[in-house]
Amino acid sequence: MWVYGFLLIPIAFVVAIIVGLVQGGVELFKIEKEAAADRYKQQRAAERANYQKFFAECAKYGINSADDLSDGNKLKRASLIANNFGFKNDGSLESLQKLFKAGNEKISSIQQKERQEQHDAAMKKERAKFAELTFYASLHGKDKPDAMFSDKAKEYTAQANGTSFIPTRRVSDGMFMAGAAAGIGGAIPALASLANTAQYNDEVRRHNEAANTMNMLLAQGAMAARNLANKWHRLGNEISMKMVDESVTREQAFEKLRFSGAKVRVATTGTATVTANVRAEGVEAFGTRGFVDGSVIAEIYEDGKKVGEAVMVLPLLGTDSNRLKYDKNGYLPYTPGSEENKRRVVAIEGMCLNCCKSPQSSCTVKFAPGDLWVMDALSDAELKRATK
383 MWVYGFLLIP
393 IAFVVAIIVG
403 LVQGGVELFK
413 IEKEAAADRY
423 KQQRAAERAN
433 YQKFFAECAK
443 YGINSADDLS
453 DGNKLKRASL
463 IANNFGFKND
473 GSLESLQKLF
483 KAGNEKISSI
493 QQKERQEQHD
503 AAMKKERAKF
513 AELTFYASLH
523 GKDKPDAMFS
533 DKAKEYTAQA
543 NGTSFIPTRR
553 VSDGMFMAGA
563 AAGIGGAIPA
573 LASLANTAQY
583 NDEVRRHNEA
593 ANTMNMLLAQ
603 GAMAARNLAN
613 KWHRLGNEIS
623 MKMVDESVTR
633 EQAFEKLRFS
643 GAKVRVATTG
653 TATVTANVRA
663 EGVEAFGTRG
673 FVDGSVIAEI
683 YEDGKKVGEA
693 VMVLPLLGTD
703 SNRLKYDKNG
713 YLPYTPGSEE
723 NKRRVVAIEG
733 MCLNCCKSPQ
743 SSCTVKFAPG
753 DLWVMDALSD
763 AELKRATK
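What follows is the structure, given as structure tokens:
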């Protein structure tokens with residue numbers, strides 16, 4: 383009988399239990415792994431500190447290196463100090479020389495490991511940021527805003543239901559990475575700087591496998607999208623009715639852009655982060671007002687020599703992005719008036735991994751067209767209708 387009773391339990395409830403157990407197990411494993419790593423670091427730090435204290439105590443008596451142990455009194459003093467810090471020795475010159483050598487090597491090794499760990503942690507963080515900045519870089523034309531608006535709607539739908547949404551990415555067909563997807567190539571095969579195509583696609587597939595698994599579990603029992611998610615759906619529907627003006631080339635679209643406030647920040651890893659503001663002037667599509675979308679390339683120069691490129695993807699509505707004003711109630715359209723010019727300035731950001739020598743590098747940046755296009759813009763009435 384208990385079998386039939388079990389079958390009456392709602393599937394969503396069973397899934398919730400499974401999700402809880404899976405997440406709990408993963409979290410427990412993560413906590414245990416982090417605790418073990420912390421214990422190892424603490425042990426390593428204590429070992430280094432003990433050697434450093436030993437050397438500092440020796441220095442008080444003029445024993446600054448193994449060379450000073452040729453003095454008989456200093457040799458005896460060093461042996462006493464070593465015993466006091468728990469370092470075994472027989473008091474001989476050979477024994478103390480080995481101790482000094484081992485101590486210096488241990489301190490050097492630990493410091494090197496710590497520097498490497500700091501470097502790896504910084505690189506991991508930079509790669510995550512790089513992936514975020516280039517998440518939609520392989521999408522061209524309407525595919526880009528369609529995906530971005532759809533993901534936003536799903537994100538807020540999940541958030542409204544107390545769950546999470548992890549967006550998936552598209553793999554590259556190789557043409558995009560070579561800059562040929564939109565006729566790029568030529569003098570600027572710049573989008574190839576994103577990564578090797580195979581490596582990029584492997585990263586995408588790994589991300590998508592994890593994302594699809596979690597989304598399938600987290601989506602069980604999801605309720606209908608609430609007000610904020612509905613706004614994103616409506617905005618997505620409005621933009622889906624717009625078209626790319628194929629008569630405008632990427633070079634012509636780039637000529638409409640005006641850049642300001644460009645900055646290059648170089649991390650200890652040599653990774654350069656480029657930030658800038660961009661606005662568009664006089665953009666038309668099909669005889670009406672338009673906007674520029676896609677990505678631009680920041681060419682990074684160090685001491686006058688080009689060292690790398692950063693892909694800078696324009697946000698949701700390209701150069702029209704700041705027509706959407708965000709507050710606690712969601713995205714709402716700006717009203718025409720004193721902020722008309724301000725709303726047309728859009729912040730963009732890009733990264734070039736490990737391209738500069740050091741944080742002290744004097745880097746400059748020049749902008750070039752990436753994968754750019756022009757679309758007809760949403761009217762104020764369409765924005766108002768979608769975000770009401």
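In terms of this note's numbering, the sequence shown opens at residue 383 and continues consecutively. We put the beta carbon where it would ideally sit given N, CA and C, even for glycine. From a predicted model like this one, the values you see are computed outputs, not experimental measurements.
Annotated as proximal: Ala658 and Ile730, with beta-carbon spacing under 8 Å. A direct Cα-Cα distance of roughly 7 Å separates Thr670 from Asp758.
In the three-state reduction of the DSSP assignment, Pro697 falls in the coil class, being assigned neither a helical nor a strand state. The beta carbon of Lys511 sits closer than 7 Å to those of Met733, all from its chain and outside the five residues before and after it, given in chain order. Rounded to whole angstroms, Leu696 and Asp753 show a C-alpha spacing of 10 Å.
Ranked by how close their Cα comes to the Cα of Lys536, the residues Glu429, Asn612, Gly664 and Leu699 have Asn612 in first place. The beta carbons of Glu620 and Leu760 sit about 6 Å from each other, so the pair counts as a contact at 8 Å. DSSP, reduced to helix, strand and coil, places Ser761 outside both helices and strands of the structure shown, so it counts as coil. Of all C-beta pairs linking the segment 468 to 483 to the segment 496 to 507, fewer than three are shorter than 8 Å, placing the two stretches out of contact. Comparing alpha carbon positions, the residue from Val626, Tyr683 and Phe469 closest to Phe482 is Phe469. Distance from the CA atom of Asp702 to the CA atom of Leu639, rounded to whole angstroms, is 12 Å. Beyond the five residues adjoining it in sequence on each side, Thr746 comes within less than 6 Å, by CB distance, of Tyr683 in the same chain, given in chain order. Residue range Leu639 to Val648 is occupied by the beta strand (DSSP E) that includes Leu639. The beta-carbon distance between Trp614 and Phe531, rounded to whole angstroms, is 6 Å. This is short enough to meet the 8 Å contact definition.
Inter-residue distance for Tyr518 and Ala529 is about 8 Å (C-alpha atoms, whole angstroms). For Ala448, no alpha helix (DSSP H) segment is defined, and its DSSP state is neither H nor E. Under the DSSP assignment, Glu731 falls in the beta strand (DSSP E) whose first and last residues are Val728 to Cys734. Contact between the segment 441 to 457 and the segment 413 to 432 is not established, with fewer than three Cβ pairs separated by less than 8 Å. With fewer than 16 neighbouring CB atoms inside 10 Å of its own CB, Asn465 falls in the exposed class. Inclusion of Glu691 and Ala680 in the CB contact set at 8 Å is warranted, their separation being smaller than that value. For Ile548, no alpha helix (DSSP H) encloses it, and the DSSP letter there is neither H nor E.
Cys738 is a Cβ neighbour of Ala654, given a cutoff of 8 Å.
In the DSSP assignment, Asp675 falls within the beta strand (DSSP E) that extends over Thr670 to Glu684.
Only buried fits Met694, as 16 or more other CB atoms lie within 10 angstroms of its CB.
Note on the segment 457 to 508: there is no whole beta strand (DSSP E) run with a minimum of 3 residues.
Between Glu514 and Ala649, the CB-CB gap reaches or exceeds 8 Å. The continuous stretches of alpha helix (DSSP H) do not include Ala662, which lies in the beta strand (DSSP E) extending over residues Ala654 to Ala662. Between Lys687 and the set Lys748, Asp675 and Leu699, the nearest pair of CA atoms involves Lys748. It is roughly 16 Å from the alpha-carbon of His522 to the alpha-carbon of Thr550. Counting C-beta atoms within 10 angstroms of its own C-beta, Phe668 has fewer than 16 neighbours from the protein chains shown and is therefore classed as exposed.
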